[in-house]
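What follows is a single structure, written as structure tokens, with notes after it.
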Amino acid sequence: MLLWRPKAEGIEGVPLTGPVIFASNHRAAVDTAVIPLVAPRPVAFLAKAEYFTGRSLKSRFGARFLSALNYVPVDRGNAKAGLAALDAGRGVLEAGGAFGIYPEGTRSLDGRLHRGHTGVATLALTTGAVVVPVGLLGTDKVQPVGVKIPRIAPVTVRFGAPLDFSRYEGLENSPAIRRAVTDEIMDAIAQLSEQEYVDSYHRRPDAQAA
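The letter at position 115 of the sequence shown is residue 139 when you use the working numbering, and the numbering goes up by one with no holes.
Quick look at the structure:
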């Protein structure tokens, strides 16, 4: 990790206490390791529950490693996986912690920033957490699509000014408000990441072929 020498920008504006959502673009599998490496406070990300339940020595070591990085286990193998993810994030935030999320729902395979899902807005509106937009630059060079072993390349993590959505208090059940909040977050991420924004959800090639 240290070989990548990630550079952090805007870190002085990140709240050090209280519930915070780090909402980031997603360009490579290593993203989830890069953000906690430079953030000024522990950041919880989600990981598949099965990573924590293996009985082999390798599995037990992996579980301890993920726990040390503040990963939260969540069952992603059923139709309620989305709700489980939101519940896990809500638990972190209600405890005053910081939670990392990729509003696109998956990493970008074409290099563009795609429309965000409204789960990030639901979390912000129901917990009162501020949202810190994050722009990751260079992680796609560290681990391009199809490459398993990370390469050495410069990485920059840009933290934007915290976004406060308390003006929408009591309106968390409005789809229009959730969409407006999500779009504001995605606009901030686009400015930080310098990616082309596409107002459509990202679909993986296997989903397009289905």
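Backbone N, C-alpha and C define an ideal beta-carbon position, used for all residues, glycine too.
Residues sharing a beta bridge with residue i, DSSP
| i | result |
| --- | --- |
| residue 182 | 33 and 159 |
| residue 125 | 47 |
| residue 68 | 123 |
Rounded straight-line distance, which links the Cα of residue j to that of residue i
| i | j | result |
| --- | --- | --- |
| residue 226 | residue 41 | 33 Å |
| residue 163 | residue 112 | 26 Å |
| residue 221 | residue 149 | 24 Å |
| residue 109 | residue 217 | 25 Å |
| residue 224 | residue 195 | 25 Å |
| residue 136 | residue 198 | 28 Å |
| residue 156 | residue 63 | 11 Å |
| residue 67 | residue 193 | 25 Å |
| residue 38 | residue 116 | 17 Å |
| residue 185 | residue 205 | 15 Å |
| residue 107 | residue 151 | 15 Å |
Buried or exposed by the 16-neighbour rule on C-beta atoms within 10 Å, applied to residue i
| i | result |
| --- | --- |
| residue 128 | buried |
| residue 49 | buried |
| residue 188 | exposed |
CB contact flag (residue i, residue j, <7 Å)
| i | j | result |
| --- | --- | --- |
| residue 154 | residue 44 | yes |
| residue 130 | residue 161 | no |
| residue 213 | residue 159 | yes |
| residue 167 | residue 58 | no |
| residue 46 | residue 124 | yes |
Is the segment 143 to 154 in contact with the segment 204 to 223, if contact means three or more CB pairs nearer than 8 Å?
-> yes
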